[in-house]
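Structure first, then comments.
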Amino acid sequence: MKKILKLKKDTRKNLITYGMIILAFLIVRFLSASGNISSAFRGQLVPICVYIVMAVSLNLTVGILGELSLGHAGFMSLGAFTGVIAAIILQGSVSNPLRLAIAMVLGAVIAGIAGLVVGVPALRLRGDYLAIVTLAFGEIIKNIINTLYVGIGENGFRISMVNAESLNLGERGTVIMNGPMGAVGIPKLATFASGFILIMVTLFIVLNLQNSRSGRAIMAVRDNRIAAESVGISVTRYKLMAFIISATLAGAAGALYALNFSTVVARKFDFNTSILILVFVVLGGMGNIRGSIIAATVLTVLPELLRAFNNYRMLLYAVILILVMLVSNNEQLKNMTKKFKGFFKIKRPSDLKGGTARE
Amino acid sequence: MKKHRIFCIALTLVMSLAVLAGCGTSTQQSTAIKIGGIGPLTGGAATYGTSVANAAKLAVEEINALGGLQFELNFQDDEHDAEKSVNAYNTLKDWGMQVLCGTVTTTPGIAVSAEAYNDRIFTLTPSASSPKVVEGKDNIFQLCFTDPNQGIASAQYIADAVLGTKIAVIYNNADAYSTGIYEKFASEANDKNFAIVSVTTFTDDTATDFSVQLSEARNADADLVFLPIYYQPASLILTQADAMGYTPKFFGVDGMDGILTMENFNTDLAEGVMLLTPFAPDASDEKTVAFVQKYQERFGEIPNQFAADGYDVVYAIYEASKKAGIKGDMSAADICEKLIKVFTSSDFSVDGLTGENMTWSTSGEVSKAPKGMVIENGVYVGMQ
Amino acid sequence: MLKVDDINVYYGSIHAIKGVSFEVEQGEIVTLIGANGAGKSTILKTVSGLLHPQTGSIHFAGQNIVNVPPHKIVSQGLAQCPEGRRIFLQMTVEENLEMGAYIRLRHEIRGAIADVYERFPRLKERRRQQAGTLSGGEQQMLAMGRALMSKPTLLMLDEPSMGLAPILVTQIFEIIKELNQAGTTILLVEQNAQMALSVAHRGYVLETGRIILTAPAADLLNNDKVRKAYLGG
Amino acid sequence: MGFLSYLISGISLGSIYAIIALGYTMVYGIAKMLNFAHGDVIMVGAYMSFMATAYIGWSPLASVVLAMAVCTLLGIIIERLAYKPLRNATSLAVLITAIGVSYFLQNIALLIWSSNPKSFTSIISLDSLRLFDGQLIISSVTLVTIAACIVIVYGLTMIVRYSKIGKAMRAVSEDKEAAQLMGIDVNQTISVTFAIGSGLAAVAGVLLCSAYPLLMPTVGAMPGIKAFTAAVFGGIGSIPGAMLGGILLGVIEILGKAYISTELSDAIVFSVLIIVLLVRPTGLLGKKISEKV
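Protein chains in written order, with my numbering: chain X, 16 to 374; chain C, 18 to 401; chain G, -8 to 224; chain V, 2 to 294.
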């Protein structure tokens, strides 16, 4: 116990986050094994994992790097379709878990490359202008994927932008992506366990980055770009690094998402999905990884819990969203909780040492 | 960061409730057969789901009033999204669904039918029209035509009746339904007595201005414009063509149905529009008249083809259930096997609003004759 | 005229102003001096209503003005010329002055503008120019002119000499004296303690959010501690 | 001739984007927030005009006045209830709230007016203009839309430049704190801006549905996003910028469809946007961002 208390505050916080995820995983596993879990919730396990990864990765861009991105779903889309193509091509040649892993890695790589391509020009812009470029990127990806036909057949791997027939796949060919009809006949490889592993990997990467030298540099860039530049931090490099990692993780999440449903269409990854993920990040707290995890989980489950309200479901969701924003930003309430917390505050050794003066 | 802590605790509580929510589902048995329905009730495609849900409700009420076999309907929203649709499906499963009437739209339909296939839940979709919905799944059936069938039938109709020689096509290339019909139509057109002279597209995001598409059709001297799309964008196309002074023949598919009953629509614009549809709300047969009247009384709107599909689905399940001797206390899997047998048997046919003598093949596709209609003086008239 | 009583102000969790009390009488020039970060500007912002004290009271002309919104405080006759001038760079000189008289009626504005032009002839020459194109000294004049447009009975000036050449500083302080002689009460916040104390009647010395000393300005000028800390010897 | 008619279609579509973009840009300039619910206010305006003409039988002009009145009121209410309490919160918190409001408006419209689309009767019933022996036909809606856009931009520019409230808006947009010290009621100024922006949204809604007469609860969503893009394109915060951005966006969309590909028209529009922003990082007419150290 003493040893844990001695650890740095950050490390302790991170351990709690990991612990929380592992505990949640074990509880769900246990409930699932004993049959105490609803189909509705079981069906949502993989999407929840995906949205957690999406939220945590977007938090890297929005919370930690401090740049608003409205096109995060675009990277998810690239990862999703890359993952589907990989999974279908590898059908029968490798075992399922390996196939899923390869699909996720490839999805991540392609999304990461896109992150580089978008990031280099976009990160020169700031604020809302960067936001609009990411939005535009997401829309372009959606539009292009909608006109893309991909298949594998006698002549190998083919791509076309005209129609499925022009792929000339021959009798036994498979159309993998069929323009606006999206990818169909996707093998359902995603499992809750794989989602759990992806979350752990994401947390490992993001939390380590946050507490590393690079992470501090990134946050310095966020807080004061000019000051950071003046002490020799390469702004572009660190911004790009955070942005690419964020895109890469979104790509992996996209692949996992696509491989959980038998069909996926480009339209799914539109502006609204990007916004949805942004809502997770903002509600969970900027830069607060644990908050993102919780917000992503709750807001994914919430619309399902509201099903009892039938037609008023989405209306209620909107009202809850607005109220939560109003309440969590209410000055008076904030002061009240502060006093409340001060009353119960337990003095920890790290707090006694005299704060942040020496590091 | 700290301000979120209390909020987080509250959220965690909600989350725990979510996990436990399913635990309470009782195993109480009722004699009614539990029918689940899935379709978009909110969002951009809400009108389709709402029509199906309304009509299905109507049909269930009628059937229950007969006193014999009892149905219980639970219709869930999927926002026209595969993920939400699977969620809706799982919710229905927790509720104890025995037969699925859904889904209304195609992409969610493909995702849900894969689940229903694994779970052995009998599914009859009112309007998810891609062949991918039923392909390779013995317990999934369709009540509507498949998209390729509509493409073939349209090409056939146009060729047989020599409706036009130069055809322009405007379709929604972000929509599976529209693209599915177009692709088959285009490949059928090869050896027909007409030529496709212009093909243009739009997406849901650009479905406002059609001046470019219409100009291209006019510049290519098209005498017939084929619109394998839904009636909402079609109404815009008709309005804009009229404003441009462009007056070709317009030919639509079943998605075009609804254009005449669209509130406040100037039906003069649709004069002469031809379409293939299995349902016309102003048909004079007894069944349609009764249905339209009841629907209008109940929901204040004139039913469209989606409503007719929803109504027929419930009645098809009802007829088949009667024939198979299904009872509410049977398991979903048992019901599934029995219904498959009935639906694919040669002596099972249903007379519905959307077709006489509908029969089903083992692939799950329906066989019924599409009716060619032309709009004259604001009403459908059979085309021969 | 202005009576600040035991106010405590927080920035988030930082306790910026700790139990500060002071008074300004009609017709006086009172100055608050102190090092950078002592809380001088925070006090002025609190008086103006931009910040709210957690505890304590502020009375202006007998009325409690805590929790009165800033635009209403202006109409009670209390104007502030903020630190860093904060003129509207994209608007013309004359528009800036009009903004200063936002609470006044249309027919009063003409006369007020004429008065300001009389006091600052340079501004009249540049009336149609965008404020962003003015020199630093001109900008300070504009800021003061703008604050005067509301015809305040108490004018608060926050670092009017900041960033100006010495000759301009002298000029600005001359104007401050003139304004006071014309009947405006002035609360002056300055880092340039020498200059401030030379025009003021009384002064308060502020250190890390507390008032540590108060005396007539002449006494402060001769106070050893003050000399050492703020007057460079 | 084809080009000319495409160009006119583009300007017409662009004029609608421009009017919507003006609402975005004014609110952004003063409140520094992206009001994503703006597109849904358009939808409400269109429904109001529809109800007044189709159900009550009012004249088109009266219906527009009603729509503007309702939307103005709606704008003020939204601002009071949802945005004002967040005046000191982060801009992202406000953004998310705006999205909540957008969902709210769409879903309440769904409950009130049902999901079935309605056909909007154009408020303009004049004959089309025929030029060059009928080779070029310009519909009256197009002419009215373009004229309305010009009048609105002119009117707004005059208001912002010369009126007392307009000057207050400029002052608030430049420096909120200093504006308060001048005696400007910042909250009231922001409310007025919302009111004007929402009133404009009503006009945009009526014009949008007159040109493209299909009315659904989601009708404002996509034009809203496009108009937001247009506002950024022209330089967000700038009134002439919003007009230029809107019209250019419309023209690029139509010409892209006509000469490159109808399938990729969105990709084309957004690619042009990205390129412009890379060359001019604050939009076509945007002001340079001065950076505070």
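All residues carry an ideal CB built from backbone N, CA and C; glycine is no exception.
Exercise for the section: Check the C-beta distance from Gly257 (chain V) over to Ile12 (chain V) and give it rounded, since I have them as a contact under 8 Å. Expected result: Stepping through the fourth sequence from its first residue, residue 257 (chain V) is reached at position 256. Stepping through the fourth sequence from its first residue, residue 12 (chain V) is reached at position 11. Not really, about 14 Å apart at Cβ, beyond 8 Å.
Practice task
Could you tell me which of V:Ile78, V:Ala169 and V:Gly58 sits nearest to Glu89 (chain G), measuring between CA atoms?
Solution key: As a working mapping, residue 89 (chain G) is identified with position 98 in the third sequence. Measuring from the Cα of Glu89 (chain G), the nearest candidate turns out to be V:Ala169.
Handout entry: For Ser120 (chain V) and Asn321 (chain C), believed in contact at Cβ under 8 Å, the rounded distance
Key = Stepping through the second sequence from its first residue, residue 321 (chain C) is reached at position 304. Stepping through the fourth sequence from its first residue, residue 120 (chain V) is reached at position 119. With a Cβ gap of about 14 Å, Asn321 (chain C) and Ser120 (chain V) do not count as contacting.
Exercise for the section: With DSSP as the reference, label Asn171 (chain G) as helix, strand or coil. Expected result: Along the third sequence, one-based indexing puts residue 171 (chain G) at 180. Reduced to three states, the DSSP call for Asn171 (chain G) is helix.
Handout entry: Cβ-based neighbour list, Ile352 (chain C), same chain, cut-off 7 Å, excluding 5 preceding and 5 following
Key = Start at 1 with the first residue of the second sequence, and residue 352 (chain C) comes out as number 335. Cβ neighbours of Ile352 (chain C) beyond the five flanking positions: Gln115, Val116, Phe139 and Ile343.
Exercise for the section: Please confirm if Met49 (chain V) has its CB atom under 7 Å from at least one CB of chain C. Expected result: One-based indexing of the fourth sequence puts residue 49 (chain V) at position 48. Met49 (chain V) does not count as touching chain C.
Problem - Beta-carbon neighbours of Glu205 (chain C), restricted to chain X and to distances below 7 Å - result: Counting from one through the second sequence, the residue named residue 205 (chain C) turns up at place 188. In chain order: nothing, as chain X lies at least about 12 Å away.
Handout entry: Contacts that His43 (chain G) makes with chain V (C-beta to C-beta distance below 7 Å)
Key = Position 52 of the third sequence, counted from the first residue, corresponds to residue 43 (chain G). Under the 7 Å cutoff, chain V gives no residues; its nearest Cβ is about 11 Å from His43 (chain G).
Problem - Per-residue contacts from Phe92 (chain C) into chain V (C-beta, under 9 Å) - result: Residue numbering aside, residue 92 (chain C) sits at position 75 when the second sequence is read from its first letter. Near Phe92 (chain C) there are no residues of chain V at all, since even the closest Cβ is about 14 Å away, more than 9 Å.
Practice task
Between the Cα of Ala323 (chain X) and those of C:Gln93, C:Ala300, C:Ala63 and C:Gly54, spot the shortest distance and give me the residue it belongs to.
Solution key: Locating residue 323 (chain X) in the first sequence gives position 308, where the first residue counts as 1. Measuring from the Cα of Ala323 (chain X), the nearest candidate turns out to be C:Gln93.
Handout entry: Residues bridged to Leu132 (chain V) (per DSSP)
Key = Translated into positions along the fourth sequence, residue 132 (chain V) becomes position 131. DSSP output for Leu132 (chain V) lists V:Leu137 as bridge partner(s).
Exercise for the section: With DSSP collapsed to three states, give me the class of Glu79 (chain C). Expected result: As a first step, residue 79 (chain C) is located in the second sequence; it is residue number 62 there, counting from the start. Helix.
Handout entry: Alpha-carbon spacing of Gly198 (chain V) relative to Gly76 (chain V), whole angstroms
Key = Locating residue 198 (chain V) in the fourth sequence gives position 197, counting from the first residue. Locating residue 76 (chain V) in the fourth sequence gives position 75, counting from the first residue. Roughly 8 Å between the two C-alpha positions.
Exercise for the section: Kindly indicate the opening and closing residues of the alpha helix (DSSP H) around Pro165 (chain C). Expected result: Your numbering for residue 165 (chain C) matches position 148 in the second sequence. Element bounds for Pro165 (chain C): Asp164 to Asp177.
Problem - Inter-residue spacing [alpha-carbon to alpha-carbon] between Asn189 (chain C) and Gln230 (chain C) - result: The residue labelled residue 189 (chain C) in the question sits at position 172 within the second sequence. The residue labelled residue 230 (chain C) in the question sits at position 213 within the second sequence. Those two C-alpha atoms are separated by around 12 Å.
Handout entry: Where Asn91 (chain C) sits in the DSSP three-state scheme
Key = Position 74 of the second sequence, counted from the first residue, corresponds to residue 91 (chain C). The answer is strand: DSSP assigns Asn91 (chain C) an E or B state.
Handout entry: Closer than 8 Å at the beta carbon, the chain C residues around Ala378 (chain X)
Key = Nothing about residue 378 (chain X) can be reported from this structure: the residues present for chain X run from 16 to 374 only.
Handout entry: Ile248 (chain V) classed as buried or exposed, judged by whether at least 16 other C-beta atoms fall within 10 angstroms
Key = Numbered from 1 along the fourth sequence, position 247 holds the residue referred to as residue 248 (chain V). The residue in question, Ile248 (chain V), is buried, as its Cβ has 16 or more Cβ neighbours within 10 Å.
Problem - Test: Arg322 (chain X) CB closer than 7 Å to a CB of chain C - result: Numbered from its first residue, the first sequence carries residue 322 (chain X) at position 307. Judged by the 7 Å Cβ criterion, Arg322 (chain X) is in contact with chain C.
Exercise for the section: Within its chain, find whatever has a CB closer than 6 Å to the CB of Val294 (chain V); leave out the 5 residues flanking it on each side and keep chain order. Expected result: Locating residue 294 (chain V) in the fourth sequence gives position 293, where the first residue counts as 1. At Val294 (chain V), the pLDDT of 36 sits below 50, so the modelled position is not reliable; the number obtained from the coordinates is stated separately. Within the same chain, Val294 (chain V) has no close Cβ partners at all.
Practice task
Mind checking the stretch 183 to 197 of chain V against chain G and listing, in chain order, the residues whose C-beta falls within less than 9 Å of any C-beta there?
Solution key: Met183, Gly184, Ile185, Asp186, Val187, Asn188 and Gln189
Practice task
Taking Arg281 (chain V) as the query, report the chain G residues whose CB atoms sit under 9 Å from its CB, ordered along the chain.
Solution key: Within the fourth sequence, residue 281 (chain V) is the residue found at index 280, counting from 1. In chain order: nothing, as chain G lies at least about 19 Å away.
Problem - Contacts of Phe286 (chain X) in chain V (Cβ-Cβ under 8 Å) - result: The residue given as residue 286 (chain X) occupies position 271 in the first sequence. Those within 8 Å of Phe286 (chain X) in chain V are Ile226.
Exercise for the section: Step through the CB atoms of chain V and report whether any lies within less than 7 Å of the CB of Met90 (chain G). Expected result: As a working mapping, residue 90 (chain G) is identified with position 99 in the third sequence. True, the Cβ-Cβ gap to chain V drops below 7 Å.
Exercise for the section: Using a Cβ cut-off of 7 Å (strictly closer), state whether Tyr2 (chain G) contacts chain V. Expected result: Locating residue 2 (chain G) in the third sequence gives position 11, where the first residue counts as 1. So no, Tyr2 (chain G) is outside the interface.
Problem - Euclidean distance between Cα positions of Thr376 (chain C) and Ala333 (chain C) - result: Indexing the second sequence from 1 puts residue 376 (chain C) at position 359. Indexing the second sequence from 1 puts residue 333 (chain C) at position 316. So the alpha carbons of these two residues sit roughly 10 Å apart.
Problem - For Ile104 (chain X), the three-state DSSP class (helix, strand or coil) - result: The residue given as residue 104 (chain X) occupies position 89 in the first sequence. In this structure, Ile104 (chain X) counts as helix in the three-state DSSP scheme.
Practice task
From the DSSP output, in three-state form, read off Lys185 (chain G) for me.
Solution key: In the third sequence, counting from the first residue as 1, residue 185 (chain G) sits at position 194. Sequence inspection shows Gln at residue 185 (chain G); the Lys mentioned does not correspond to that position. Gln185 (chain G): helix per DSSP, three-state reduction.
Problem - 8 Å Cβ shell around Gln46 (chain C) - same chain, five flanking residues per side excluded - result: Start at 1 with the first residue of the second sequence, and residue 46 (chain C) comes out as number 29. Residue placement at Gln46 (chain C) is flagged as unreliable, the pLDDT there being 45, under the threshold of 50; a coordinate-derived value is accordingly withheld.
Handout entry: Touch test, the stretch 118 to 132 of chain G against the stretch 68 to 86 of chain G, Cβ-Cβ under 8 Å, three pairs minimum
Key = yes
Problem - Distance between Thr189 (chain X) and Glu152 (chain C) (C-alpha atoms, nearest Å) - result: On the second sequence, residue 152 (chain C) is found 135 positions in, with the first residue counted as 1. On the first sequence, residue 189 (chain X) is found 174 positions in, with the first residue counted as 1. If you take the alpha carbons of Glu152 (chain C) and Thr189 (chain X), they lie about 14 Å apart.
Exercise for the section: Work out the CA separation of Gly269 (chain X) and Ser381 (chain X) for me, nearest whole Å. Expected result: Residue 381 (chain X) lies beyond the residue range present for chain X, which begins at 16 and ends at 374; the question has no answer from this structure.
Handout entry: Under the three-state DSSP convention, the category Met16 (chain X) falls into
Key = Indexing the first sequence from 1 puts residue 16 (chain X) at position 1. Bear in mind that a pLDDT of 49 at Met16 (chain X), under 50, signals an unreliable position, so the number given afterwards is only what the model happens to contain. Here Met16 (chain X) sits in coil by DSSP.
Exercise for the section: Determine the DSSP secondary structure at Gln159 (chain C), reduced to helix, strand or coil. Expected result: Taking the second sequence and counting its residues from 1, one reaches residue 159 (chain C) at position 142. Of the three classes helix, strand and coil, the one that applies to Gln159 (chain C) here is strand, per DSSP.
Practice task
Determine the extent of the beta strand (DSSP E) in which Thr205 (chain G) is found, giving its start and end residues.
Solution key: Start at 1 with the first residue of the third sequence, and residue 205 (chain G) comes out as number 214. Counting along the chain, the beta strand (DSSP E) containing Thr205 (chain G) begins and ends at Arg201 to Pro207.
Practice task
Decide if Gln225 (chain X) is buried, meaning its Cβ has at least 16 other Cβ atoms within 10 Å, or exposed.
Solution key: On the first sequence, position 210 is the one that residue 225 (chain X) refers to. Under this definition Gln225 (chain X) is a buried residue.
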